[in-house]
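**Q** For reference, the structure I am asking about is given below.
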Amino acid sequence: MIQDIAPHRLNNQYDVKIQAKPEDPVYCFRKDELLVKEADGGNISLPKVNDFPPGSSFRYVFAVDGRPYFLYKKPAESLGSLIDKALSEEDIYYETGSDSKEEVAGREDLSYVRLQTLRENLPVRVEKWQYFAAITAFHLFEWYEGSRFCGRCGHKTIHSETERCMICPQCGNHIYPKIVPAVIVGVTNNDKLLVTRYARRPIGYDALVAGFTEIGETVEETVAREVKEETGLNVKNIRYYKSQPWGMVSDVLMGFYCDVDGDDTVHLDGELGQALWLTADRIKGQPDDMSLTNEMMMYFKKQHLKGATV
């Protein structure tokens, strides 16, 4: 998780005075793909400012270990349509398959790679902190792309000189980065955990009940509602575990455990393809340690295998 990248340190405070230098690394996105620079041996890194054509424009996003990182913000002619494409409405974040690399015209060392692919190839391709930083940059990219015009009057926005905020010079509307609250829920049944798989997403590993908070709803109410909607179960003893920012869908995930209340028969609503009560010895988790979901499954497993509870 981006908050757990020690010994590396993230400084996400915006500073308008920080300007891009030739050797500074740059995040450049196309849909959910990241432009990368490939070196011998298959190792990849971010392109630098001097890899882009003259006249390209960049915006400071954050610093890691004191090194500034930038976002490419102005399409350049030599990169053409490979950059200036809108994010489609389809659920592209859960596609599977091999690397979807596509070379940038005239640059054999530059190509686009899906963010999800980078995660799947860990730790060979990038370090964990690099992946978390990339999806944090993607969160900002999505926000900047969606905030170029005012939602109130339609006028073109400008960036604040003092904070990370887009301002409408016409009506004065201030637009701050969108952060969407969501929950991850570990439903327990004595020594069993409810482990799920989605019905319409080709994800080949286990998950937990999850969902977004609705208007006028507390996160505890979200827990109870999502479990009821997706599995037909009632819950009690809702207790907070920890949170994780997840820039792929601009949300902050809040993890909770809760106990099944009454009948433990599962009735799926169609969003989930499978929901099973698993004892600790049957919990496999996910193929990497990137998600709060996996941590919660592994925490339940570890606690119960040593005779404790969550």
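Using my numbering, read the sequence shown as starting at 39 and increasing by one per residue. C-beta atoms are modelled at their ideal positions from N, C-alpha and C, and glycine is treated no differently. No experiment lies behind these values; they were computed from the predicted model shown.
(1) Would you call residue 335 buried or exposed, if buried means 16 or more other Cβ atoms sit within 10 Å of its Cβ?
(2) Rounded to whole angstroms, how far is the Cβ of residue 85 from the Cβ of residue 64, which I believe are closer than 8 Å?
(3) Between residue 109 and residue 178, is the Cβ-Cβ spacing less than 8 Å?
(4) Decide if residue 244 is buried, meaning its Cβ has at least 16 other Cβ atoms within 10 Å, or exposed.
(5) Have a look at residue 221 and residue 198 and give me their C-alpha separation to the nearest angstrom.
(6) Is the separation between the beta-carbon of residue 223 and that of residue 289 shorter than 8 Å?
(7) Using the Cα positions of residue 192 and residue 232, report the straight-line distance between them to the nearest angstrom.
(8) Please identify the residue among 214, 158, 195 whose C-alpha is closest to the C-alpha of residue 325.
(9) Who are the near neighbours of residue 258 in its chain, counting only those whose CB is closer than 6 Å to its CB and skipping five residues on each side?
(10) If the criterion is Cβ atoms closer than 8 Å, does the pair residue 235 and residue 306 meet it?
(11) For my contact list, residue 253 and residue 170 are in at a C-beta cut-off of 8 Å; report their separation, rounded to the angstrom.
(12) With DSSP collapsed to three states, give me the class of residue 344.
(13) When the Cα atoms are used, what is the spatial distance from residue 314 to residue 348?
(14) In its own chain, which residues sit with a C-beta less than 6 Å from the C-beta of residue 280, not counting the 5 before and 5 after it?
(15) Who are the near neighbours of residue 343 in its chain, counting only those whose CB is closer than 6 Å to its CB and skipping five residues on each side?
(16) Roughly how many angstroms separate the alpha carbons of residue 66 and residue 168, rounded to a whole number?
(17) With a cut-off of 8 Å on the beta carbons, I'd call residue 227 and residue 304 a contact; round off their distance for me.
(18) Assuming contact is defined by CB atoms lying nearer than 8 Å, are residue 148 and residue 75 in contact in what I supplied?
**A** Result, derived from the coordinates:
(1) By 1-based counting over the sequence shown, the position of residue 335 is 297. So residue 335 counts as buried.
(2) For this step, residue 85 is matched to residue 47 along the sequence shown. For this step, residue 64 is matched to residue 26 along the sequence shown. The pair is a contact, with the Cβ atoms about 6 Å apart (cut-off 8 Å).
(3) If you number the sequence shown from 1, residue 109 lands on position 71. If you number the sequence shown from 1, residue 178 lands on position 140. Taking 8 Å as the Cβ cut-off, residue 109 and residue 178 qualify as a contacting pair.
(4) For the purposes of this step, residue 244 is taken as residue 206 along the sequence shown, with counting starting at 1. By the neighbour-count rule (16 or more Cβ atoms within 10 Å), residue 244 is buried.
(5) Walking along the sequence shown from the start, residue 221 turns up at place 183. Walking along the sequence shown from the start, residue 198 turns up at place 160. Their Cα atoms are separated by approximately 32 Å.
(6) As a position in the sequence shown, residue 223 is number 185, starting the count at 1. As a position in the sequence shown, residue 289 is number 251, starting the count at 1. Result no, Cβ atoms of residue 223 and residue 289 do not sit closer than 8 Å.
(7) For the purposes of this step, residue 192 is taken as residue 154 along the sequence shown, with counting starting at 1. For the purposes of this step, residue 232 is taken as residue 194 along the sequence shown, with counting starting at 1. So the alpha carbons of these two residues sit roughly 46 Å apart.
(8) As a first step, residue 325 must be located in the sequence shown, where it is residue number 287. With distances taken between Cα atoms, residue 325 lies closest to 158.
(9) What you label residue 258 is simply residue 220 of the sequence shown in a count that begins at 1. Once the five neighbours on either side are set aside, the close Cβ partners of residue 258 are 276.
(10) The residue given as residue 235 occupies position 197 in the sequence shown. The residue given as residue 306 occupies position 268 in the sequence shown. No. Outside cutoff.
(11) In the sequence shown, counting from the first residue as 1, residue 253 sits at position 215. In the sequence shown, counting from the first residue as 1, residue 170 sits at position 132. Not quite, the Cβ-Cβ distance comes to about 29 Å (not below 8 Å), so this is no contact.
(12) On the sequence shown, residue 344 is found 306 positions in, with the first residue counted as 1. In the structure shown, residue 344 sits in coil (DSSP, three-state: anything other than H, G, I, E or B).
(13) Looking up residue 314 in the sequence shown gives position 276. Looking up residue 348 in the sequence shown gives position 310. Their backbone Cα atoms lie some 19 Å apart in a straight line.
(14) Counted from its first residue, the sequence shown places residue 280 at position 242. Excluding sequence neighbours, residue 280 sits near 293.
(15) As a first step, residue 343 is located in the sequence shown; it is residue number 305 there, counting from the start. Only 318 meet the Cβ criterion.
(16) Working through the sequence shown from its first residue, we reach residue 66 at position 28. Working through the sequence shown from its first residue, we reach residue 168 at position 130. Using only the alpha carbons, I get a separation of about 14 Å.
(17) In the sequence shown, residue 227 corresponds to position 189, counting from 1. In the sequence shown, residue 304 corresponds to position 266, counting from 1. Residue 227 to residue 304, Cβ: 10 Å. No contact.
(18) Mapped onto the sequence shown, residue 148 falls at position 110. Mapped onto the sequence shown, residue 75 falls at position 37. In contact: residue 148 and residue 75 (Cβ atoms closer than 8 Å).
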